[in-house]
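To start, the structure itself, in structure tokens.
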Amino acid sequence: LSFAYTEPGLLPQLVKMVQAAKDRGFQVSVTTNGFTLPRIAERLAATGLDTLYVSVDGPAEIHNEIRGAKRSFERLCEGLQIVARQSQRPQTWAGVVLTPETHVHLGKLLTELKPLRLRGVHAPLLSWVGEEAAAQHNLQYGHWPATPPNSAEMAPSTMAPVALYASLQSARAQANAQGL
14 LSFAYTEPGL
24 LPQLVKMVQA
34 AKDRGFQVSV
44 TTNGFTLPRI
54 AERLAATGLD
64 TLYVSVDGPA
74 EIHNEIRGAK
84 RSFERLCEGL
94 QIVARQSQRP
104 QTWAGVVLTP
114 ETHVHLGKLL
124 TELKPLRLRG
134 VHAPLLSWVG
144 EEAAAQHNLQ
154 YGHWPATPPN
164 SAEMAPSTMA
174 PVALYASLQS
184 ARAQANAQGL
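With positions in the sequence shown counted from 1, the corresponding number in this note's numbering is that position plus 13.
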């Protein structure tokens, strides 16, 4: 059972719903942008949550610019640090959608994420939140904006292949050095 898309951390009953699912024997994951994670991390970990996915848009300055919040990256890191300190903690993954703004910064991102005890980082090419879902979310939670889909941006002509290759090589070296 997966709680994902827009921002499940905004659901007042998220921790209770995760606990109810775990009590019924479900494998449970939560995907979050991390902004609310400092507030709920300890309680989420205590439920026995199996997997936590955190969406990251790049190194701190890029993430904060894309998210439109000066400390968004720092908040997600704070939440992940809280998770990492728990004796019972979920497998924790970061996901960074490769975009024209982010694809050349994977190595730097891994360096910034290193202290957070992540299981790994995955880097898909697309954001799966549809335009309609993003718009509805933003009407209700405009101060925590959802990122609209980026499929139009991901045309090969928008990315520098040599720079992407270099970034992936840097990320691979960082991941190997960190045991990811």
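C-beta atoms are modelled at their ideal positions from N, C-alpha and C, and glycine is treated no differently.
Since the model is a prediction, treat every value here as computed from it, not as a measurement.
Checklist line | Run of the alpha helix (DSSP H) containing VAL28, from where it starts to where it stops | finding: For VAL28, the enclosing alpha helix (DSSP H) stretches over residues 27–36.
Check: Just to confirm, are GLN10 and LYS121 a CB contact at a threshold of 7 Å?
Finding: For the chain, the structure presents residues 14 to 193; residue 10 sits outside this window and is missing.
Check: Going by the beta-carbon positions, is the gap between GLN26 and ALA58 smaller than 7 Å?
Finding: Taking 7 Å as the Cβ cut-off, GLN26 and ALA58 do not qualify as a contacting pair.
Notebook entry, point to check: Can you tell me the Cα-Cα spacing of ALA82 and GLY92, whole angstroms?
Noted result: A straight line joining the alpha-carbon of ALA82 with that of GLY92 spans about 16 Å.
Next item on the list: Let me know the secondary structure DSSP gives ALA82 once reduced to three states.
Entry: ALA82 falls in the coil class under three-state DSSP.
Next item on the list: Would you check if there are 3 or more beta carbon pairs closer than 8 Å linking the segment 94–110 to the segment 69–82?
Entry: These segments touch.
Item checked: Contacts around ASN189, its chain only, beta-carbon distance under 6 Å, and the 5 residues preceding and following it disregarded -> Apart from the 5 residues on each side of it in sequence, ASN189 has no Cβ closer than 6 Å to any other Cβ in its chain.
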